[in-house]
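Numbering (this note's numbering), first residue to last: 5 to 116. Yeah, the Cβ is synthetic: ideal placement off N, Cα and C, and Gly gets one too. Read through the structure below, which is laid out as structure tokens, and then see the notes.
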DNA sequence: TCACTGACAAGGG
DNA sequence: ACCCTTGCCAGTG
């Protein structure tokens, strides 16, 4: 549902960035929060949590700072998050992305 | 209105 | 490397 948003909505900003995470790459709650100057990484998780139904937002590419799939419990089934990542060629082991550092993508890489 | 909660992060011991 | 504390800020009771 679309609602009249006059004030800056955290949701919209988070989605805007999340949608641009390249397939096969991942980023973190903190990186998105930092890029948007939201002040708190918790806001990012909160935004994604409240909009799980949006299929066009690759929420599975957003991890915590350790590259762990901390948000997997909110997928149905929980294993879906890992499955989506592996489908993009991202190896996951023990709820953690393998070689997280090389897969990491920061919003600042947006064509500058 | 106050207190507690959370898909988090950074720093200290 | 692990555990605990603090900062963060919108939602909820």
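Buried versus exposed, by CB contacts within 10 Å (16 or more), residue i
i, result
"residue 105", "exposed"
"residue 19", "buried"
"residue 95", "exposed"
"residue 86", "buried"
"residue 91", "exposed"
"residue 52", "buried"
For residue j and residue i, believed in contact at Cβ under 8 Å, the rounded distance
i, j, result
"residue 24", "residue 71", "Actually they are not in contact, since the Cβ atoms of residue 24 and residue 71 sit about 19 Å apart, beyond 8 Å."
"residue 48", "residue 55", "Not quite, the Cβ-Cβ distance comes to about 12 Å (not below 8 Å), so this is no contact."
Endpoints, the alpha helix (DSSP H) within which residue i is located
i, result
"residue 88", "84-91"
"residue 34", "33-40"
Spatial neighbours of residue i in its chain, beta-carbon cut-off 6 Å, leaving aside the 5 residues before and after
i, result
"residue 102", "95"
"residue 6", "Only weak support is given to the placement of residue 6: the predicted model assigns it a pLDDT of 34, under 50, and the value that follows is read from those uncertain coordinates. For residue 6, where only same-chain residues beyond five positions count, there are no Cβ hits under 6 Å."
"residue 65", "25, 30"
"residue 74", "68"
Same chain, Cβ closer than 7 Å to residue i, neighbours up to 5 away in sequence not counted
i, result
"residue 10", "Bear in mind that a pLDDT of 27 at residue 10, under 50, signals an unreliable position, so the model cannot answer this."
Same chain only: Cβ atoms within 8 Å of residue i, ignoring 5 sequence neighbours per side
i, result
"residue 110", "31, 35, 39"
Residues sharing a beta bridge with residue i, DSSP
i, result
"residue 30", "108"
"residue 24", "Paired residue(s): none; residue 24 is not in a bridge."
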